[in-house]
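Encoded as structure tokens, the structure appears first; notes follow it.
Chains as they are written, first to last, in this note's numbering: chain D, 162 to 245; chain E, 3 to 442.
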């Protein structure tokens with residue numbers, strides 16, 4: 162199931178903080194869909210160390226959609242929308 | 003993408019690398035304030051007064067270059083995904099040499115002593131030389147060639163030229179050599195320092211930081227790609243025009259430099275007006291002052307073209323210096339510190355917190371609580387007071403010069419204290435994390 166968060170109007174490091182909070186509470190089979198205005202490079206390193214994987218889709222130069230799931234959670238991974 | 007992403011965290015240098023520069027810089031600005039209190043109207047007699055040159059270098063090297071060096075050593079690894087080799091060791095050397103080099107230079111001006119100039123020449127030569135070398139070696143290893151990285155290349159070229167000219171000028175004060183034109187060299191030196199180094203670096207940083215922290219739209223891609231390079235080339239052509247005394251070349255390339263910086267200032271102001279979040283922001287206000295100062299200096303140059311008789315007056319030169327060094331560069335850097343220092347604090351704590359097992363993690367403070375806006379706002383008010391008094395002092399030095407010095411001292415010490423407060427909160431959480439890691 163999709164959990165959604167829009168961080169596009171938040172100032173750093175709030176997007177990172179909110180995303181990490183959401184990920185803490187992520188259930189088995191769920192993935193997090195993040196709407197952001199830029200690609201959150203520092204986030205990737207943090208979530209990777211904590212056992213998450215991600216896919217980023219650039220919808221427009223100021224709109225990135227990032228999907229995050231637990232690396233070993235195949236059910237969550239399969240339910241993620243494919244990139245265009 | 004994945005590689006650069008994983009690198010960006012691991013490659014960040016220890017927090018003490020940038021912080022040693024950030025916490026030293028405001029003290030030099032405060033020192034400049036003391037110098038202004040001591041010399042009063044004497045600082046405003048002519049731009050060639052030794053005490054005036056001492057004052058200016060306390061601001062340009064002691065404050066501006068000091069912060070820029072720290073910021074570059076920190077930002078480059080995070081933005082570009084490479085680490086500065088042996089960051090801690092080299093940062094300590096660069097930092098110490100810049101401190102002593104600046105102090106010796108100031109002493110050299112004040113006491114007109116060639117021994118002090120010799121020491122300054124050595125210290126600043128080694129300090130800046132090592133810094134430039136480090137950044138060049140790091141830039142050569144960068145895998146992601148984004149627009150900020152390109153601007154850093156150009157800014158480091160600007161710094162190299164500014165420093166080389168500065169060292170030559172210092173050498174000419176120790177032992178004058180034949181055919182040396184100090185006035186011309188000084189103009190080239192300050193143009194490269196302000197418009198080649200500081201200006202281009204601010205621009206490169208702005209391309210990243212303004213959209214990111216001030217939540218504005220992105221700068222136009224074409225501006226990001228071509229503006230810094232166009233400016234550097236124009237500056238180089240202008241310099242050749244100055245050296246070979248070709249008036250037409252000087253006029254045209256000078257105009258190109260002014261238009262380039264005007265475009266940057268105006269596009270920044272327009273982007274800031276389109277902010278998605280309407281909450282007042284201290285850094286934004288500092289940046290607005292800075293960008294308006296670029297516009298003001300362009301207006302001043304236009305006035306100088308219309309009424310050529312004003313150019314030779316000392317007020318004209320002091321206004322230009324005031325706009326570019328103090329109300330542009332000082333404001334922008336001051337404002338930037340309020341974003342990067344709390345952010346780096348949070349970033350480093352967060353990194354260490356996440357390295358702990360989940361049950362040992364600490365709830366970290368929100369970035370805003372480390373330095374509340376109202377505290378930074380008080381310093382902004384002191385800074386604006388300083389600017390008003392400084393510009394008043396250009397026209398009535400006997401009335402306002404000392405008051406401007408007091409305001410500069412107070413504003414700089416307030417900035418320093420605010421940064422100390424953030425550092426203390428870092429220390430408090432840092433030791434908490436250490437205790438957790440040790441098993442408490």
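We put the beta carbon where it would ideally sit given N, CA and C, even for glycine.
Residue burial is scored here from C-beta neighbours: residue 328 (chain E) has at least 16 other C-beta atoms within 10 angstroms and is therefore classed as buried.
Residue 241 (chain D) and residue 214 (chain D) have their C-alpha atoms spaced approximately 12 Å apart.
The beta-carbon separation of residue 407 (chain E) and residue 35 (chain E), rounded to 5 Å, stays under the 8 Å limit for a contact. Taking CB atoms only, residue 182 (chain D) has no neighbour in chain E less than 8 Å away. In this structure, residue 75 (chain E) sits near residue 89 (chain E), with a CB-CB distance shorter than 8 Å. Around the Cβ of residue 139 (chain E), a 10 Å sphere holds fewer than 16 other Cβ atoms; the residue is exposed. In terms of Cβ geometry, residue 266 (chain E) and residue 205 (chain E) form a close pair [threshold 8 Å].
Using beta-carbon distances, residue 176 (chain D) does not count as an interface residue toward chain E, since no partner is under 8 Å. The beta-bridge partner set that DSSP reports for residue 219 (chain D) consists of D:225. Bridge pairing for residue 231 (chain D): D:213 [DSSP]. In the DSSP assignment, residue 193 (chain D) falls within the unbroken beta strand (DSSP E) covering 192-197.
Per DSSP, residue 375 (chain E) is one residue of the alpha helix (DSSP H) stretching across 375-397. DSSP places residue 173 (chain E) within a helical segment (H, G or I) once states are collapsed to three. With respect to the C-alpha of residue 331 (chain E), the residue from E:22, E:198, E:136 having the closest C-alpha is E:198. In summary, no residue of the region 230-243 of chain D has a CB separated from any CB of chain E by less than 8 Å. In this structure, residue 421 (chain E) places its C-beta atom within 8 Å of the C-beta atom of residue 28 (chain E).
Beyond the five residues adjoining it in sequence on each side, residue 396 (chain E) comes within less than 7 Å, by CB distance, of 46, 317, 320, 321, 324 in the same chain, given in chain order. Beta bridge pairing from DSSP links residue 164 (chain D) with D:193.
Contact annotation: residue 191 (chain D) and residue 237 (chain D) have beta-carbon atoms nearer than 8 Å. For residue 188 (chain E), the enclosing alpha helix (DSSP H) covers residues 184-193.
Residue 278 (chain E) belongs to the set of residues whose beta carbon lies under 8 Å from a beta carbon in chain D. Think of a sphere of 8 Å around the beta carbon of residue 207 (chain D): the chain E residues whose beta carbon falls inside it are 11, 352, 353, 356, in chain order. Annotated as distal: residue 141 (chain E) and residue 218 (chain E), with beta-carbon spacing of 8 Å or more.
For residue 297 (chain E), the enclosing alpha helix (DSSP H) covers residues 284-308. The closest CA to that of residue 171 (chain E), considering only E:202, E:222, E:148, E:119, is found on E:119. Residue state for residue 164 (chain E) is assigned as helix, using DSSP reduced to three classes. Using a CB distance cut-off of 8 Å, residue 112 (chain E) does not count as an interface residue toward chain D.
Interface criterion not met: the Cβ of residue 216 (chain D) is under 8 Å from no Cβ in chain E. Of the other Cβ atoms in all chains shown, 16 or more fall within 10 Å of the Cβ of residue 59 (chain E); this residue is therefore buried. Only those residues of the region 206-238 of chain E whose C-beta falls short of 9 Å from the nearest C-beta of chain D are listed: 213, 214, 215, 216, 217, 219, 220, 223. Neighbours of residue 179 (chain D) in chain E, taken as residues at a C-beta separation under 7 Å, are lacking, since the least C-beta distance is about 11 Å. Assigned with DSSP and collapsed to three states, residue 311 (chain E) falls in helix. One thing to note: residue 264 (chain E) has its Cβ within 8 Å of the Cβ of residue 297 (chain E). Within the region 326-345 of chain E, the residues whose Cβ lies closer than 7 Å to any Cβ of chain D are, in chain order, 345. Under the three-state reduction of DSSP output, residue 114 (chain E) falls in the coil class, being neither helix nor strand. Secondary structure at residue 276 (chain E): coil, using DSSP grouped into helix, strand and coil.
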